[in-house]
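Counting from 1 along the sequence shown, just add 2 to a position and that's the residue number in the numbering used here. As structure tokens, the structure follows; a few thoughts come after it.
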Amino acid sequence: MHRNYWDKNTPIPPGYTELRKDALTVELCVYSLQHSRIKEVAQVRTIAEEAGKIWCQAGVTIQVVYWQILPQQSIAGPLNLNSTDLASEISCDHPSDAAVSQLMAIGKPNAPEDNRLFVPVYCIPGNNLQEGSYVSGCNRQVNKPPDHMILLTDSADGRVLAHELGHVLMTRLVARDSWSNVDPDPGRNAGDPIHNANPQNLMYTNVHKEPLISPEQVAVARKSRLVTRQSLVYGFQEKKPYKLGVKIKSLDVASVSDEVFSNDALESNWTFAVGTSKTKAIPWVYANDDLGVGSHSLNHDFPSVEVESDEDKLTISVTGWDRDKNSGDDDLPSIRKEWPKGEDLWGSSGFDPLHVEGPVENDEIKYSVTYVIRVDEAPLRQSLRFICSF
Ligand SMILES: [Zn+2]
């Protein structure tokens, strides 16, 4: 599964291809018990996306791989799993073993069958657990290594999910066969060490409106066995090449030195060429019989070149020679620059649009070249989701 449950059937538009990115991912399967207020996948999405924004601070992407409303449950235990206020029957801090087993026995119906680890999240009816008016989420674990489950009441939002997921992801092996969910942050609450003392921290008991995850918490969570690197689909891109153009703005001469018996200006001939690593470069010739020190404005626009693939590079080269009356022609130092696609689309979308190559020098000249790269045509993109980079 490379997509969220609500996107799994979104078709690839005709003439488009999927865009994928590697991401540190934690997967959730969400189940709504009878009478839970979560009755539509859009509600699951809202909660998951809010929690996802918070966990993005740690570079962890939340993916919901499954959701369903569970059928009526059998009631072999202390809890009435079909109650309209199941939350009020559950103590998160001191649940009876029978209650925990009963919740665990709900199981993970229709979970992905490829043995990937995921966290089951149960949406239960009622606003608050037995602990009181602010407790709308809970997580329990059994076994070693731990099997986790998260409970969300009707009043839980994405911040509560993010907090409960924090308890899950910060559960780590601390000694042989010994797992701890104590908050790894030094600012943990001494009296309640699975929680943080800083009200703005995600692991504070009441979750802040813009909760923060500390570097120590991030480091532990990213190493959780529940966090795996996956190739996720984040959108679609038209199957069409980028077309790039280059404008040579100026030839900037810092110094020249010509024959002994003439002035220092050069009788120069230049070839600028723009192409890609896969195609033949397009040349443009510039001659200047009296090239002296200073910035020589060229403003030459090269026609578009097509980049065939994301691996293809844009190439820019400059070669020149100086015609000498007395001592034959001299080569001028050359420039060759390759632009990979990178984050800035072959140099077209960086912070500063002006690029400078050089200076390069030999005993005739010292110069640099100033140019810009433009995108003449780009394939259209459609975004499906946000992926947190790591
Ligand atoms: Zn908590």
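Just so it is clear, CB atoms sit at the ideal spot from N, CA and C, and this is done for glycine as well. Owing to the predicted nature of the structure, the values given are computational and were not obtained by experimental measurement.
With the rule of 3 Cβ pairs closer than 8 angstroms, the stretch 328-338 does not count as touching the stretch 293-304.
Contact between residue 235 and residue 20 holds, with the beta-carbon distance rounding to 5 angstroms and staying under 8 angstroms. Judged by pairs of C-beta atoms under 8 angstroms, the stretch 237-257 touches the stretch 368-376, as three or more such pairs exist.
Residues lining ligand 1 by the Cβ criterion, that is a Cβ closer than 7 angstroms to any of its heavy atoms, are 165, 166, 169, 196, 197, 205, 207 in chain order.
Counting only runs of 3+ residues, the beta strand (DSSP E) found wholly inside the stretch 62-93 occupies 62-71, in chain order. Just measuring C-alpha positions, the residue of 181, 179, 206 sitting nearest residue 188 is 206. Per the Cβ contact rule, the stretch 43-58 is not in contact with the stretch 98-116 (fewer than 3 Cβ pairs under 8 angstroms). Under the DSSP definition of a beta bridge, residue 27 partners with 63, 230. By DSSP's assignment, residue 177 forms a beta bridge with 180. By the criterion of at least three beta-carbon pairs nearer than 8 angstroms, the stretch 138-145 is not in contact with the stretch 51-66. Ranked by Cα distance from residue 287, the options 258, 277, 77, 271 are led by 271. Contact check between the stretch 235-244 and the stretch 196-216: fewer than three CB pairs, one atom from each, fall below 8 angstroms, which does not count as touching.
In the three-state DSSP reduction, residue 165 falls in the helix class (H, G or I). For residue 309 against residue 246, the beta-carbon gap comes to about 6 angstroms, under 8 angstroms, which counts as contact.
Here the alpha carbon of residue 183 sits roughly 48 angstroms from the alpha carbon of residue 16. Here residue 176 is exposed: its Cβ has fewer than 16 other Cβ atoms, across all protein chains shown, within 10 Å. The beta carbon of residue 362 sits closer than 8 angstroms to those of 335, 336, 337, 368, 369, 370, all from its chain and outside the five residues before and after it, given in chain order.
Residue 154 carries a strand assignment under DSSP once its states are collapsed to helix, strand and coil. When rounded, the separation of the alpha-carbon atoms in residue 305 and residue 250 is 12 angstroms.
Taking C-beta atoms as the reference points, residue 389 and residue 12 fail to come closer than 8 angstroms. The three-state secondary structure of residue 206, taken from DSSP, is coil. In the displayed model, residue 58 falls within a helix according to three-state DSSP.
Membership of residue 224 in the alpha helix (DSSP H) is indicated by the continuous run 217-224.
Residues 315 of the same chain have their beta carbon placed closer than 6 angstroms to that of residue 342, with the five preceding and five following residues left out of the count. The beta carbon of residue 320 is closer than 7 angstroms to those of 272, 274, 336, 337, 371 in its chain, skipping five residues each way along the sequence. Here the alpha carbons of residue 185 and residue 222 stand approximately 9 angstroms from one another. The DSSP-derived three-state label of residue 99 is helix. In this structure, residue 30 sits away from residue 162, with a CB-CB distance that is not shorter than 8 angstroms.
Contact between residue 137 and residue 145 fails: their C-beta atoms lie close to 24 angstroms from each other, not under 8 angstroms. Taking the Cα of residue 155 as reference, the smallest distance to any Cα among 167, 169, 181, 128 is reached at 128. Residue 73 is classed as exposed because its beta carbon has fewer than 16 other beta carbons within 10 Å across all chains shown. Taking the Cβ atoms as the reference, residue 88 lies roughly 25 angstroms from residue 228, outside the contact range of under 8 angstroms. Sorting 157, 159, 168 by C-alpha distance to the C-alpha of residue 151 places 168 at the top. When only Cα atoms are considered, residue 108 and residue 28 end up about 21 angstroms apart. If the five residues before and after residue 113 are omitted, its C-beta is found closer than 6 angstroms to the C-beta atoms of 31, all from its own chain and listed in chain order.
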